[in-house]
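Under the numbering used here, the first residue of the sequence shown is numbered 26, with each subsequent residue one higher.
Positions of the beta carbon are idealized from the N, C-alpha and C atoms, including for glycine.
Here's the structure, in structure tokens; my notes come after.
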Amino acid sequence: MGAPTDADRRAVADLLGREPDGEFDVVVRHADGGPVVIRNAPVLPSGRPMPTRFWLVGEPERTWVGRLEAAGGVDRAEAEVDAEVLAAAHDLHAAERSRALPPGHDGPRPSGGVAGTRRGVKCLHAHYAWWLAGGADPVGEWVADHLDEVGGGRPGAGGPVVRPVGPAAPDPPAEVGRAAGSTADRSVAGERVAEQAAGDELPAVERRVDAVADRPAGDRPAAPRPTGGGGSW
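Dropping the structure here:
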């Protein structure tokens, strides 16, 4: 993991309302350089596992996703996203996180997939964070498609947000390829899971998000400090 700058640490602490306990790097940024998504080390310095690998910290994104969750987004996403594709994405996410464990690690390790859940949808923030970071997450893409319902917008309206190039997707278990590509009418999200599972690295991606600085003041959503954001330290 690339070490965050002092400015990154201050910005993340300000967004979260506290100092992070674990190591992280910033993998998605606003056009002005502000953190949007951080990637957490899979184990905290205390030895406790950290199941949430990608954490949405940026505003207004956290507020938008929180509104979508409050409006029943978790149940809606689980009902509308292909269950086999979602299960394959959980496996892919878990494999990436396991590969990031320190060499020779023999202590407790995170379990489950996105946000530590074994199946279905638990936290839209975590799914959206992984999708923004380049992950083949069908729930994250569902979130992006529905942000306009809560005063937000799909990435593309503001300045560029970039994720540093780096290894992320390990060789997948066999069931990932089967679940994501077993039928001719599999969704685009499923095709992305299959393609990402077949590679050794996440592709370099460039995201464009509707950054606060690019919006008229009257259109900016309130930005409270939610205690969520895709996990806990």
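Does the beta-carbon distance from Pro60 to Val82 come in below 8 Å? The residue you call residue 60 lines up with position 35 of the sequence shown. The residue you call residue 82 lines up with position 57 of the sequence shown. The answer is yes: Cβ separation under 8 Å.
Does the structure place the region 139-155 close enough to the region 37-49 that three or more beta carbon pairs sit under 8 Å? no
By DSSP's criteria, Asp50 is part of a beta bridge. Which residues make up the other side? Position 25 of the sequence shown, counting from 1, holds the residue named residue 50. BP columns for Asp50 point to Arg64.
Have a look at the DSSP bridge pairing and note the partners of Leu81. For the purposes of this step, residue 81 is identified with residue 56 of the sequence shown, where counting begins at 1. Note: Leu81 sits in a beta bridge opposite Val62.
So, with DSSP's three-state summary, where would you put Pro45? Stepping through the sequence shown from its first residue, residue 45 is reached at position 20. Reduced to three states, the DSSP call for Pro45 is coil.
Which residues in the same chain have their Cβ closer than 7 Å to the Cβ of Asp33, if we skip the five residues on either side of it in sequence? Sequence index remark: in the sequence shown, residue 33 carries index 8 (1-based). Same-chain partners within the cutoff: Val51 and Pro60.
Tell me the DSSP bridge mates of Pro74? Start at 1 with the first residue of the sequence shown, and residue 74 comes out as number 49. Its beta-bridge partners are Val68.
Arg35 burial status per 10 Å Cβ neighbour count (16 or more: buried): The residue given as residue 35 occupies position 10 in the sequence shown. Answer is exposed; the Cβ neighbour count stays below 16.
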